[in-house]
Amino acid sequence: MDASSGPQPLRSHHTKTLSGTVRVPGDKSMSHRALILGTLARGTTRIFGLLEGEDVLATADAMRQYGAKIARDEDGTWHVDGVGVGALLEPSEVIDCGNAGTGVRLIMGMAATYPFASTFTGDGSLRKRPMKRVLDPLEEMGAQVLARDGGLLPLTIRGNDTPLPVTYTVPMPSAQVKSAVLLAALSTQGTTTVIEPIPTRDHSERMIKGFGGDLTVVENEDGSRTITVEGGKVLQAQDVTIPADPSSAAFPLVAALIAPNAEVVIKDVMLNPTRTGLIATLQEMGADLTITNRRTEGGEELADITARSSQLKGITVPAERAPSMIDEYPVLAVAASFAEGETHMPGLHELRVKESDRLAAVVDGLTTNGVHSENGEDWLTVTGTPGAVPGGGTVITHLDHRIAMAFLVMGLASQQPVTVDDGRVIATSFPAFGGLMSGLGASFTRLSNHA
1 MDASSGPQPL RSHHTKTLSG TVRVPGDKSM SHRALILGTL ARGTTRIFGL
51 LEGEDVLATA DAMRQYGAKI ARDEDGTWHV DGVGVGALLE PSEVIDCGNA
101 GTGVRLIMGM AATYPFASTF TGDGSLRKRP MKRVLDPLEE MGAQVLARDG
151 GLLPLTIRGN DTPLPVTYTV PMPSAQVKSA VLLAALSTQG TTTVIEPIPT
201 RDHSERMIKG FGGDLTVVEN EDGSRTITVE GGKVLQAQDV TIPADPSSAA
251 FPLVAALIAP NAEVVIKDVM LNPTRTGLIA TLQEMGADLT ITNRRTEGGE
301 ELADITARSS QLKGITVPAE RAPSMIDEYP VLAVAASFAE GETHMPGLHE
351 LRVKESDRLA AVVDGLTTNG VHSENGEDWL TVTGTPGAVP GGGTVITHLD
401 HRIAMAFLVM GLASQQPVTV DDGRVIATSF PAFGGLMSGL GASFTRLSNH
451 A
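Its first residue numbered 1, the sequence shown is counted upward by one per residue in this note's numbering.
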């Protein structure tokens, strides 16, 4: 994102219809992990379908600092020549992760068990996000941390010569915290155990095993999961195919549901059961969704999803579903704006500490576009007005790509256009969003900074 050019407001307009077949970018979570594990593996890892957004490219730059050689072919295939577990190089520069909360937390985990210093920073949004939840278990493993109050970036981590295996219970549902510990465990001799009371996305576990890591997962009777890693094992380079990101697919999917006379096919969407909460929720709201061509590739289930214009109704979303759709709540709130009745969403505490305070940003965006909502510390209730969402507002994105895309989707079906204050932030996860949506029939207008 080029900060020197200043904000670039973007406006979406009511569309007559949306139609077509698209493939959204590769999954962001898997893209980060493929680059990191490719760096820790011996040999050359080939990655197909890597998300080429700013967040992931920042992780690629970081892996180069740790010694990996990374290049992209003209056909879009990425090659990572890894250094192997235990052989990372000390970075010579500060590692700037941009807006990538996943990237910085996973990289800190990877680096925390090496006997050298790594200094991390990010953009204005990332420097406000809490890191203490990741730093606590890493310090238990012997890492030394020098950070601002509250564990905020910029911060420096220095690993111990002999990192300690730990047994760590994740205090809140967080795939990032879990994954940071698992990555730290790879270069820690002995058995590291992570206990996850509420299961979260399991891409790290699947991919570590795919690279040859000694990792086991036990599903406990109380619904929790116990994950163990035997450290010091050699990882071998792999070919990794990244399926389409369900979090990115959420935007054209919801747009098709709320736009008139719409039918959109989204190809190759990952259907990992820890990521399908939005699909289940929309189906319960009455969404016309058809899932076809189910198959398994690279250990992940994927399928094609056809979404058609639907008459949605409000529901109560189970709180325990939140970890499987935490990034999709902004666009779900937009869908709820067009649903009949109230949609109640509890269990949203994690939204307070994403790229922005997403809960507050969503509420402000709804209010400025004439949608009634109520909220508390960890819940949101949206009162929908089918076919009569006013729109007409300007949404403050707070440098949050998902806030920007969610409210641009609203503008495709609201009575008046919807404007977001800065469309540049979308590039962090979905650089092709504007072109892809326009190809389906969406209408966007770039405005001057003074519009």
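Each residue gets a CB set at the ideal place from its N, CA and C atoms; glycine is no exception.
Identify which residue in the options has its Cα closest to the Cα of residue i.
{"i": "GLN144", "options": "LEU135, HIS79 and LEU152", "result": "LEU135"}
{"i": "ARG133", "options": "LEU152, PHE116 and GLY314", "result": "LEU152"}
{"i": "ALA280", "options": "GLU297, VAL254 and GLU90", "result": "VAL254"}
{"i": "HIS13", "options": "SER448, VAL420 and ALA427", "result": "VAL420"}
{"i": "LEU155", "options": "ALA112, VAL181 and THR193", "result": "ALA112"}
{"i": "GLU320", "options": "THR169, PHE407 and SER174", "result": "SER174"}
{"i": "LEU463", "options": "ILE157, GLU140 and LYS28", "result": "With the chain covering only 1 through 451, there is no way to say anything about residue 463."}
{"i": "HIS32", "options": "ARG308, GLY150, LYS233 and ASN99", "result": "ASN99"}
{"i": "SER204", "options": "ILE95, ASP81 and ALA184", "result": "ALA184"}
{"i": "MET141", "options": "VAL104, LEU351, PRO386 and LEU186", "result": "LEU186"}
{"i": "MET110", "options": "ARG129, ASP96, ARG295 and VAL85", "result": "VAL85"}
{"i": "ILE396", "options": "VAL363, ASP96, ALA388 and LEU289", "result": "VAL363"}
{"i": "SER247", "options": "THR77, THR241 and LEU332", "result": "LEU332"}
{"i": "LEU15", "options": "MET325, PRO130, SER309 and GLY384", "result": "Here residue 15 is Thr; the residue named in the question, Leu, does not match the sequence. Minimum Cα distance to THR15 is reached at SER309."}
{"i": "ALA427", "options": "GLY53, PRO7, THR39 and PHE48", "result": "GLY53"}
{"i": "HIS398", "options": "VAL234, LYS128 and ASN261", "result": "LYS128"}
{"i": "PRO260", "options": "TRP379, GLY441 and THR368", "result": "GLY441"}
{"i": "ASP327", "options": "ASP123, ARG275, ARG295 and GLU340", "result": "ARG275"}
{"i": "MET325", "options": "ILE242, ALA307 and ASN272", "result": "ASN272"}
{"i": "HIS372", "options": "TRP379, ALA360, THR385 and THR39", "result": "THR385"}
{"i": "VAL240", "options": "GLY76, LEU182 and THR228", "result": "GLY76"}
{"i": "VAL181", "options": "ALA256, PHE116, ASP288 and LEU215", "result": "LEU215"}
{"i": "PRO7", "options": "ARG424, SER443, PHE433 and ALA432", "result": "ARG424"}
{"i": "ALA361", "options": "HIS401, ALA322 and GLN416", "result": "HIS401"}
{"i": "ARG358", "options": "GLY370, GLY376 and THR343", "result": "GLY376"}
{"i": "ALA87", "options": "PRO243, ASP161 and SER443", "result": "ASP161"}
{"i": "HIS79", "options": "GLY391, ARG46 and THR368", "result": "ARG46"}
{"i": "ILE208", "options": "ILE36, ALA244, ALA250 and LEU51", "result": "ILE36"}
Measure the alpha-carbon distance for residue i versus residue j and round it to whole angstroms.
{"i": "LEU302", "j": "MET270", "result": "4 Å"}
{"i": "MET285", "j": "THR445", "result": "31 Å"}
{"i": "GLU196", "j": "GLY159", "result": "24 Å"}
{"i": "VAL382", "j": "GLU374", "result": "7 Å"}
{"i": "GLY277", "j": "GLY314", "result": "16 Å"}
{"i": "VAL83", "j": "THR44", "result": "10 Å"}
{"i": "MET63", "j": "SER19", "result": "39 Å"}
{"i": "GLY101", "j": "ASP27", "result": "15 Å"}
{"i": "MET1", "j": "GLY213", "result": "Residue confidence for MET1 is low, a pLDDT of 44 falling below 50, so the modelled location carries little weight; the figure read from the coordinates is stated next. So the two alpha carbons sit approximately 35 Å from each other."}
{"i": "LEU138", "j": "LEU106", "result": "11 Å"}
{"i": "GLY341", "j": "GLN311", "result": "11 Å"}
{"i": "ALA41", "j": "GLY387", "result": "53 Å"}
{"i": "ALA451", "j": "ARG295", "result": "Its pLDDT being 48, under 50, ALA451 is placed unreliably by the model, and the measurement read from it follows with that caveat. If I take the Cα positions, the gap works out to 47 Å."}
{"i": "GLY298", "j": "ALA34", "result": "12 Å"}
{"i": "SER92", "j": "PRO165", "result": "28 Å"}
Just list the residues that DSSP pairs residue i with in beta bridges.
{"i": "GLN416", "result": "GLY391"}
{"i": "GLN144", "result": "ARG158"}
{"i": "SER373", "result": "VAL382"}
{"i": "ILE291", "result": "ILE305"}
{"i": "VAL265", "result": "THR21 and THR306"}
{"i": "ALA117", "result": "ARG158"}
{"i": "ARG46", "result": "HIS79 and ASP239"}
{"i": "MET270", "result": "LEU302"}
{"i": "THR226", "result": "ILE195 and VAL218"}
{"i": "LYS233", "result": "In DSSP, LYS233 forms no bridge with anything."}
{"i": "ILE95", "result": "PHE120"}
{"i": "GLU320", "result": "GLU320 is not bridged to any residue."}
{"i": "GLU297", "result": "GLU300"}
{"i": "HIS13", "result": "SER443"}
{"i": "TYR329", "result": "The partner list for TYR329 (beta bridge, DSSP) is empty, contrary to what the question assumes."}
Report the three-state DSSP secondary structure of residue i (helix, strand or coil).
{"i": "ARG358", "result": "helix"}
{"i": "ASP346", "result": "The sequence shown places Pro at residue 346, rather than the Asp named in the question. PRO346: strand per DSSP, three-state reduction."}
{"i": "ALA339", "result": "coil"}
{"i": "ASP509", "result": "Absent from the structure is residue 509, since the part of the chain shown begins at 1 and ends at 451."}
{"i": "ASP55", "result": "helix"}
{"i": "THR281", "result": "helix"}
{"i": "ILE36", "result": "helix"}
{"i": "PHE444", "result": "strand"}
{"i": "MET1", "result": "Model confidence at MET1 stands at a pLDDT of 44, short of 50, so the residue's coordinates are unreliable; what they give is reported in the following sentence. Residue state, collapsed to three classes: coil."}
{"i": "ILE70", "result": "strand"}
{"i": "LEU183", "result": "helix"}
{"i": "ALA427", "result": "helix"}
{"i": "ALA244", "result": "strand"}
{"i": "THR276", "result": "coil"}
{"i": "SER125", "result": "coil"}
{"i": "ARG201", "result": "coil"}
{"i": "ALA451", "result": "Reliability fails at ALA451, whose pLDDT of 48 lies under 50, so the model's placement of it is uncertain and the value that follows must be treated cautiously. In this structure, ALA451 counts as coil in the three-state DSSP scheme."}
Taking 8 Å as the CB-CB cut-off, is residue i touching chain B?
{"i": "ALA71", "result": "Any reference to chain B falls outside this structure, which holds one protein chain only."}
| Is it a yes or a no for the region 251-268 touching the region 23-40, going by three-plus beta-carbon pairs under 8 Å? | Yes, since at least three Cβ pairs between the region 251-268 and the region 23-40 fall closer than 8 Å, the two stretches touch.
| message | I'd like to know if the region 394-411 and the region 421-438 are in contact, where contact means that at least 3 CB-CB pairs between them fall below 8 Å. | response | Put simply, the region 394-411 touches the region 421-438. At least three CB pairs are less than 8 Å apart.
| message | Three or more C-beta pairs under 8 Å: does that hold for the region 112-126 against the region 89-98? | response | Judged by pairs of C-beta atoms under 8 Å, the region 112-126 touches the region 89-98, as three or more such pairs exist.
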